[in-house]
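A.B. asks:
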Amino acid sequence: MPIPPLPPFSALPLKKDGPPYNAWGLYGEDDELGRLNLITPEVVQKGIDSVKHGVVVNLNLPLINELGLPGRGATHEIKVGPRSLDDILHFNTQASSQWDGLRHFPYQNWPEQGDKRYYGGMTFDEAQDDSHNKLGTQNYVRRPITSRAHLLDIPLYLSRSSLPPLSYTENPTPVTLSMLKGCVELQGNKIEPGDVLMIRTGWTEVFEALSTEEKAKWKPEPDVGVERGEEMLRWHWELGVAAVAGDVRAYEQYPWPKTELANHEVFLSGWGMPIGELFDFRELSKKCHELEQWTFLVTSMVLNVHAGIASPPNAQAIL
183 MPIPPLPPFS ALPLKKDGPP YNAWGLYGED DELGRLNLIT PEVVQKGIDS VKHGVVVNLN
243 LPLINELGLP GRGATHEIKV GPRSLDDILH FNTQASSQWD GLRHFPYQNW PEQGDKRYYG
303 GMTFDEAQDD SHNKLGTQNY VRRPITSRAH LLDIPLYLSR SSLPPLSYTE NPTPVTLSML
363 KGCVELQGNK IEPGDVLMIR TGWTEVFEAL STEEKAKWKP EPDVGVERGE EMLRWHWELG
423 VAAVAGDVRA YEQYPWPKTE LANHEVFLSG WGMPIGELFD FRELSKKCHE LEQWTFLVTS
483 MVLNVHAGIA SPPNAQAIL
């Protein structure tokens, strides 16, 4: 089945009696892949063609770390047997680097106050039922998030443009649309439908440089991230990206007012677009800067979990 062209942003919502900016039905009423439909063999081949140096870079933070939100930790136990060792991991799938799946964050208070709806209209109660796997992260195994990707290195852009650096602690700076567009122009990225967009804020380095006392004071919020609003949604839609990922805990500014429409609602439950969080872009930034190459192949194979909500990405970039 050919992939239909993306309609203009002005055509949203596609389901007119549905929630704001939804693209429900674009790929069929029973679609579970959302924007991953845009990762065609031709797009993957473009990613392969972007590999110039054979340099492979890890994009995953340690599973056990201090950067995640409270209550989303992980433990590691070594089990001693008579002749060998095993180990046992117990963890929240969002304890570290992660892809948010389509059963994670629904539209809030739609169609009525207190109601919640996921991509295509699945209810909050239905999403809690793991006897079915609709919209589960097993779909990211069926259609792996492997595509051409672009790193937008915001700290580098601000530095090269003689602009003030981001603020991370007191009143964190939003990553504005003008910053993103300026970074694309500076780096020369040519972002096309089916590509993956990765945004580095430098938050990981700043957080890990804090003392234990400073970290305790800072957590869990607020956090730096992309700003919200219709123009930010329009830009992401018109780029045609299949997935987005950041080095922060929510990709967008966090937390957001409960009365405000979050990018999470539209990306995940409106468009079916995976959101990557807490990706490790430190080494990738260094390699991209060293090679002056900001486009590469990204591969990701999530945990194969029936009805999964989220998953570690097991992601790497190949330049």
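Those letters in the sequence shown? Residues 183 to 501, per our numbering, in order.
We put the CB at the ideal spot given by N, CA and C, even for glycine.
Everything numeric in this text was worked out from a predicted model, so none of it was measured.
1. If distances are taken between C-alpha atoms only, which option among L271, I500, E465, S482 comes closest to R324?
2. State buried or exposed for D269, treating a residue as buried only when at least 16 other CB atoms are found within 10 Å of its CB.
3. What are the partner residues of I381, as DSSP defines its beta bridges?
4. Please check the pair A497 and F463, which I expect to be a contact at CB under 8 Å, by giving their CB distance rounded to whole angstroms.
5. Have a look at P347, A277, M361, P190 and flag the residue whose alpha-carbon is nearest the alpha-carbon of P495.
6. Roughly how many angstroms lie between the CA atoms of L485 and S344, to the nearest whole one?
7. In terms of alpha-carbon separation, which member of W292, H272, P189 lies closest to T177?
8. Under 8 Å: do the stretch 364-381 and the stretch 328-337 share three or more Cβ pairs, one atom per stretch?
9. So for N240, helix, strand or coil by DSSP?
10. Under 8 Å by Cβ, that's how I've got G422 and G454 pegged, so tell me the actual separation to the nearest angstrom.
11. Report the partner residues of G539 according to the DSSP bridge assignment.
12. What's the C-alpha gap between L271 and T222?
13. Label N445 either buried or exposed according to how many other C-beta atoms from any shown protein chain fall within 10 Å of its C-beta, with 16 as the threshold for buried.
14. Can you find the residues in the same chain that come closer than 8 Å, C-beta to C-beta, to H488, ignoring five residues on each side of it along the sequence?
15. When you compare only the Cα positions, how much space is there between F306 and I500?
16. Looking at the structure shown, is Y436 part of a helix, part of a strand, or coil, going by DSSP?
17. Would you decide whether T257 is buried or exposed? Buried here means 16 or more other CB atoms lie within 10 Å of its CB.
18. Of the choices I381, E352, I373, whose alpha-carbon is the least far from that of M361?
19. From the DSSP output, which residues share a beta bridge with G407?
C.D. replies: The relevant details are as follows:
1. Cα-wise, what sits closest to R324 is S482.
2. By the neighbour-count rule (16 or more Cβ atoms within 10 Å), D269 is not buried but exposed.
3. L334, G428
4. Not a contact, Cβ separation roughly 11 Å.
5. A277
6. 42 Å
7. This structure gives no information on residue 177, because the portion of the chain shown stretches from 183 to 501.
8. yes
9. strand
10. Actually they are not in contact, since the Cβ atoms of G422 and G454 sit about 13 Å apart, beyond 8 Å.
11. In the structure displayed, the chain extends from 183 to 501; residue 539 sits before or after that span and is not available.
12. 35 Å
13. buried
14. Excluding residues within five positions, the ones whose Cβ falls inside 8 Å are D312, N315, G318, Q320.
15. 38 Å
16. strand
17. exposed
18. Here the closest residue by C-alpha is I381.
19. P356
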